[in-house]
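Since the structure comes first, as structure tokens, the remarks are kept for the end.
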Amino acid sequence: MTGAPLLRVEALEARYGGAVRALSGVDLAVAAGEIVALVGSNGAGKTTVLKAVSNLLPAARGQVTAGRIVYDGRDVSRTPTDALVRAGLVGVLEGRHCFRGLSVEENLVTGGLGRGSNRAAIRDDLARIYAIFPRLVQKRRAPAGLISGGEQQMVAIGRALMGRPRLLVLDEPSMGLAPQVVAEIFRTLERLNRDEGLTILVAEQNVTVALRHADRAVVLENGRSVLTGTAAELRGRDDIRAFYLGLGTAPARVPA
Amino acid sequence: MATTSAPLAKAPPRPSARGIGVALLLVIAYGIVPLIGTSYLYEAILTPFLALSLAALGLNLLTGYAGQLSLGSSAFMAVGAYAAFNLSLRLPFLPLPVTIVLAGLVAAFAGLVAGLPALRLRGFYLAVSTLAVQFFVAWLLNRVGWLSNDSPSGIISAPPLVVAGLSFEDARGRYLFSLTVVALLTVLAWRLVTSPTGRNFVAVRDNETAARVIGVKVARTKLLAFALSSFVVGVAGVLWAFAYLRTVEPAGFNLDRSFQILFIVIIGGLGTLRGAFLGAGLIVVLPLLLSRFGAAVLGDGFDSGTLEMCQRIALGILIVAFLIREPAGLSALLDRAARRLRRRS
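Protein chains in written order, with our numbering: chain A, 918 to 1173; chain B, 4 to 348.
Structure (structure tokens):
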């Protein structure tokens, strides 16, 4: 990695409700133009890291208690989320949160409005999103609550792309989706990264998929970043294979 | 009303049955009703219907579109009514429309303040905090004599309804006055809900965190919803006091009234503009139907006490039935009926 990274998280600690410790020392860096995967098991703190990056913790009664988050050379731990969006840091939440009452197209438009796009920019961006996710074209007038899970995830990603992000922060895009849909979504993300230089930070429980598409990965365990490396490196490591990929030696069985 | 057809034409395929329906309703309301109406129709049905519709429309902006529950609607009606009373008393040179707009702005400010807890509270807890507003306003109006010009128990009487030399004093005039105010505000509300701001309201309602993450200013959106909603509800209060009852006291704007408005919204359909009108129609007509029906069935045994009880029971059953069977209210029923008719034809 050369030059200053686009996003740098240093020694991040966070708590919920003043008591529950969610993160106790997370370091990660995302250079412009890369895809970085944040992997780890349930409860390792992936979502909390992403929420901290988008400054969404206060809304969930959480707070950053130590450490720094530097985006584009500025400390952004106190920057309101809407200002971050305008600066190009846009998130996609876990669980494909669409606005159920709005149509697919209205959902997308909301993403453009959040950024402050004018009408012409919104029209251009809509055309771009429909080119990226052709499946959404015939669903454009359908209420977002009534389309399939995969399509909702595309709407959620498309809506974020309407904000013209430089850094897209995705939380578990594979959650609850069929493998083909997951593959399609990751291929799309990779293409955006390759063709448009979109930088992506993606938290993913599905380590196989994540390591296949990411340049680098950061492994979280119990609220700490324990390992960082290129995807190829991590794919080759025995402990990662054992614990997350279910290959090689059997992982320690967790009693139900 | 040419304004309604222009943005509706945005949906290109056909000039929208809805636009024609609205135009037809306006023709009936302005052209036919004033010719054939009786003063009973105006005073007992149409004017209260219009005032309640407007109040429900205002609440629907807040609860139906922006998803913030409020139990303080009648407090904002009271704020609007008393503000208009004081403005017309103390600044008599102001034309009536200006007085009404200013009264709406006072109510909007009250709504803004009442909306501050919404930045921290949600759902049920927010409803309880708006309850505090309800009681505070009633207390304030009783306590501060100046607000009702020191009249006993805060009773105020409406000033003459005169706009630019035209008097709207008789029953039909007050109906037409209310109709005009309601029509204008409905157009504005419709413009609002189809605007980016209206979409932000729905975004905050459907998923606050998702709205935040794509850059919607959630706090500002919520406060705006409270202010705009209270503006409309405040103007409805002015109509209630000036056009319908003519003499009001703070006790008339009690929690029952707030609930009534909330029920109108629920029965009519959350998040639809016409739901407010459908619900208000039902709520206004229901007691009349019940009393006719009761008198026919029970004869003299059906006194006003029994009527009120029956009314509450019927309303309660209706609300439960709607919440279970059709949470989207009368508005959705109407949609379905229309679709069935279209398929048959």
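We treat Cβ as the ideally placed atom computed from N, Cα and C, and that holds for glycine.
- Per DSSP, the unbroken alpha helix (DSSP H) holding SER334 of chain B starts and ends at 332-347.
- Remark: C-beta atoms of ALA931 of chain A and THR998 of chain A do not approach each other more closely than 9 Å.
- C-alpha of GLN263 of chain B to C-alpha of TYR933 of chain A: approximately 40 Å in a straight line.
- In the DSSP assignment, the residues bridged to TYR933 of chain A are A:VAL937, A:GLY979.
- Look at the beta carbons and you see the region 1028-1035 of chain A not touching the region 1101-1119 of chain A: under three pairs across the two are nearer than 8 Å.
- For GLY1146 of chain A, the uninterrupted beta strand (DSSP E) run begins and ends at 1141-1147, by DSSP.
- As the crow flies, the alpha-carbon of PHE1103 of chain A is around 45 Å from that of VAL190 of chain B.
- The beta carbon of THR309 of chain B sits no closer than 9 Å to any beta carbon of chain A.
- DSSP places PRO98 of chain B in the coil class of the three-state scheme, outside both helix and strand.
- Rounded to whole angstroms, the separation of the alpha carbons of VAL1119 of chain A and ASN972 of chain A is 16 Å.
- Between the C-alpha atoms of LEU1128 of chain A and ALA1100 of chain A there is a straight-line separation of about 12 Å.
- With distances taken between CA atoms, ASP209 of chain B lies nearest to A:ALA1061 out of A:LEU1084, A:ALA1061, A:LEU1106.
- Here GLY1008 of chain A is bridged, per DSSP, to A:VAL1086.
- Cβ neighbours of ALA928 of chain A within its own chain (closer than 8 Å, five residues either side excluded): GLY942, VAL943, ASP944, ALA983, GLY984, ARG985.
- A check of alpha carbon separations from SER160 of chain B across B:VAL287, B:ALA299, B:LEU92 identifies B:LEU92 as the nearest.
- Burial is judged here by how many other beta carbons sit within 10 angstroms of a residue's own beta carbon; ASP303 of chain B has fewer than 16 and is exposed.
- Interface with chain A (9 Å Cβ-Cβ cutoff): GLU329 of chain B is excluded.
- In this structure, PHE229 of chain B keeps its C-beta atom at 9 Å or more from the C-beta atom of ALA81 of chain B.
- The residue from A:LYS1056, A:GLY1066, A:PRO1082 with its alpha-carbon nearest to that of PRO1090 of chain A is A:GLY1066.
- Taking 8 Å as the upper bound on Cβ-Cβ separation, chain A lies near residues PRO199, ARG202, ASN203, VAL205, ALA206 of the region 179-206 of chain B.
- Between the region 71-81 of chain B and the region 104-122 of chain B, the count of C-beta pairs closer than 8 Å reaches three or more; the two stretches touch.
- Under DSSP, the beta-bridge partners assigned to SER170 of chain B are B:VAL165.
- In this structure, the straight-line span from the alpha carbon of ALA954 of chain A to that of ALA1131 of chain A is close to 6 Å.
- If one requires a minimum length of 3 residues, the beta strand (DSSP E) runs lying completely within the region 1037-1111 of chain A are 1084-1088, in chain order.
- If you compare the alpha carbons of B:ALA279, B:ALA213, B:LEU90, B:ILE327 with that of ASN152 of chain B, the shortest gap goes to B:LEU90.
- Annotation for LEU129 of chain B: GLN71, LEU72, SER73, PRO120, ALA121 place their beta carbon closer than 8 Å to its own, counting only its chain and skipping 5 residues before and after.
- For VAL1119 of chain A, the enclosing beta strand (DSSP E) has its first and last residue at 1116-1121.
- Chain B places a beta carbon closer than 9 Å to that of LEU1030 of chain A, counting this residue as a contact.
- Its Cα nearest to that of GLY1140 of chain A, the residue A:ALA969 stands out among A:ILE952, A:LEU924, A:VAL947, A:ALA969.
- When Cβ pairs closer than 8 Å are counted between the two stretches, the region 49-58 of chain B is seen to touch the region 238-247 of chain B, the count reaching three or more.
- For VAL1021 of chain A, the enclosing alpha helix (DSSP H) begins and ends at 1021-1032.
- Contact between the region 160-176 of chain B and the region 271-286 of chain B is absent: fewer than 3 CB-CB pairs across the two stretches fall below 8 Å.
- For ASN210 of chain B, at least one C-beta of chain A is nearer than 9 Å to its own C-beta.
- In terms of Cβ geometry, VAL1002 of chain A and ILE320 of chain B do not form a close pair [threshold 9 Å].
- Spatial neighbours of ARG1017 of chain A in its own chain (CB-CB distance under 7 Å, excluding positions within 5 residues in sequence) are listed in chain order as PRO1060, ALA1061, GLY1062.
- In the pairwise beta carbon analysis, the region 172-181 of chain B is classified as touching the region 246-260 of chain B: at least three pairs are separated by under 8 Å.
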